[in-house]
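Scroll down for the structure; my scribbles are underneath it.
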DNA sequence: CTCGTAGGCCAACAGGTGTTGACGTCGATG
DNA sequence: CATCGACGTCAACACCTGTTGGCCTACGAG
């Protein structure tokens, strides 16, 4: 799912002959894995803070202390790098284990901690606002990860997409104002306040009868 | 307010000697106003659909059927062009004339029609997500236009910024999912449905006691 | 009619971009 | 020890960007 259309080189080394992989039995650790990781970390930071266009391969390579051409050899292209850098897994909780009237609070809290602790989400949001491919990636995340969870909490199956989209609008809207646009009052809010304000909204979008 | 720091050339012609302005007494119409308008229209479209970086001056000039250098002469720089293209006035209604329990509906409806009919808002949102200057412009719009209106509807003066920011998160979140990311269910929603779902949220953010 | 000037186009500059290929180097393998 | 391939660097390509200055044209004032 991550690198569907663009997979020009994969990773150098092939892993075909079985001659490589020093050290042991089954782990696919290569000598270059540290470099790969450094590139991915630098890429995530740049994409999150600069967006797609302004996050240049040269800058990412400099952050990772390697040559720009290495980025190309490992990830094929800038788009391939982005796809590898933000393989986003929301790790959404299982809502069937949550009391029906607590799903709003659970979702808001989960998203908030997700957003606070890593910048992948900011990266994919910023790129989604800039780039067509980024927007499609966001649509995929919505479809594959948020929709199934909404299905667990939503009474009428026919209304699941609408209700999930409403939740997305509120959750992404908070992320936009707080982490991207940085409206001062949105930045100043404490996480508990955010949960207290937004949980009823998400709860209503998911479970209340349609207006 | 619109072009504070960047005003290198203004408009060619000066309007100082009074020799120009063919046709009549007071109207400041210049021969080049049509071209200026064409440039601004093309710029708005490009900024809205491509974001700041990918909206190139060359593409805008081609859309307006003129030379790229004309854009520079009229607006000084790309940033000057952007500032002139999105001189955003939300034209928010006077909430003191609206019944206290209708402010949510009024605000959501106003924003929705605003967004549907012109693309300036999409442009400023997209650029705000890409560009630092764009984000600051968005902060200014929030501070100068949304905050005063929230002041009219909000009981506790101390909570005005927080409540306005919450409203912004929901309103901008809808715009993001519907006009930028284009999540299919958010696109498919009818305006009346949107108002019906979002009005209670905004109403609560503005007037309900804090949770 | 003459002429200044606003309006417009053309060609070019300097810098930055993604991307490519040739060239070293070091460790592990035969 | 000799060899091969993964790892990495350097230099360059072709392209596109914002921006600049010079030149031409045509309208309206005198």
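Protein chains in written order, with the working numbering: chain A, 1 to 211; chain B, 1 to 211. Cβ coordinates follow ideal geometry from the N, Cα and C atoms, glycine included.
Item, Value
"C-alpha gap between residue 160 of chain B and residue 102 of chain B, whole angstroms", "18 angstroms"
"Own chain, CB closer than 7 angstroms to residue 25 of chain A, minus 5 neighbours either side, in chain order", "Confidence at residue 25 of chain A is low in this model, with a pLDDT of 36, below 50, so its placement is unreliable and the value that follows should be read with caution. So no residue of the chain qualifies."
"Residue 197 of chain A versus residue 210 of chain B - alpha carbon distance", "8 angstroms"
"Cβ pair residue 187 of chain A, residue 112 of chain A closer than 9 angstroms", "no"
"Three-way DSSP call (helix, strand, coil) for residue 98 of chain A in this model", "coil"
"Check whether residue 181 of chain A and residue 128 of chain B have beta carbons under 9 angstroms apart", "yes"
"Listed by chain order, chain B residues near residue 95 of chain A by CB distance under 7 angstroms", "Residues of chain B passing the Cβ test: none, with the nearest at roughly 19 angstroms."
"Contact the stretch 79-96 of chain B vs the stretch 145-162 of chain B: 3+ CB pairs below 8 angstroms", "yes"
"Test: residue 77 of chain A CB closer than 9 angstroms to a CB of chain B", "no"
"Min CB distance residue 102 of chain A to chain B below 9 angstroms", "no"
"Interface flag, residue 152 of chain B vs chain A, CB-CB below 9 angstroms", "no"
"Three-pair Cβ contact test at 8 angstroms for the stretch 43-50 of chain A versus the stretch 92-108 of chain A", "no"
"Beta carbon of residue 40 of chain B nearer than 9 angstroms to that of residue 173 of chain A", "no"
"Closer than 9 angstroms to chain A by CB, residue 125 of chain B", "yes"
"Proximity test, Cβ basis, 9 angstroms: residue 138 of chain A and chain B", "yes"
"Cα-Cα separation between residue 119 of chain B and residue 168 of chain B, rounded to whole angstroms", "18 angstroms"
"Cβ shell of residue 124 of chain B (< 6 angstroms), same chain only, five flanking positions each side left out", "86 and 88"
"Neighbour list for residue 203 of chain B in chain A, Cβ cutoff strictly below 9 angstroms", "Neighbours of residue 203 of chain B on chain A: none; closest Cβ ~11 angstroms, over 9 angstroms."
"Minimum Cβ-Cβ distance from residue 211 of chain A to chain B less than 9 angstroms", "yes"
"Minimum C-alpha distance to residue 152 of chain B - residue among B:94, B:68, B:76 and B:56", "B:94"
"Test item: CB-CB of residue 213 of chain A and residue 53 of chain B under 9 angstroms", "With chain A covering 1 to 211 only, the question about residue 213 of chain A has no answer from this structure."
"Contact list for residue 54 of chain A against chain B, beta-carbon separation under 8 angstroms", "53 and 130"
"Straight-line Cα distance separating residue 150 of chain A from residue 149 of chain B", "34 angstroms"
"Chain A within 9 angstroms of residue 157 of chain B, Cβ atoms only", "no"
"Close beta carbons around residue 57 of chain A, own chain, < 8 angstroms, minus the five adjacent residues each side", "68, 71, 72, 78 and 81"
"Extent of the continuous alpha helix (DSSP H) to which residue 80 of chain B belongs", "78-85"
"N- and C-terminal bounds of the alpha helix (DSSP H) containing residue 177 of chain A", "No alpha helix (DSSP H) holds residue 177 of chain A; DSSP gives it neither H nor E."
"Coarse secondary structure for residue 201 of chain A, derived from DSSP in three states", "helix"
"Proximity winner among B:96, B:121 and B:108, relative to residue 43 of chain B (alpha-carbon distances)", "B:121"
"Host alpha helix (DSSP H) of residue 132 of chain A (start-end)", "132-141"
"Span separating the alpha-carbon of residue 199 of chain B from that of residue 191 of chain B", "12 angstroms"
"Straight-line gap, residue 193 of chain B to residue 114 of chain B (C-alpha atoms, nearest Å)", "16 angstroms"
"Distance between residue 92 of chain B and residue 60 of chain B (C-alpha atoms, nearest Å)", "30 angstroms"
"C-beta atoms of residue 185 of chain B and residue 208 of chain A nearer than 9 angstroms", "no"
"Check whether residue 107 of chain A and residue 206 of chain A have beta carbons under 9 angstroms apart", "yes"
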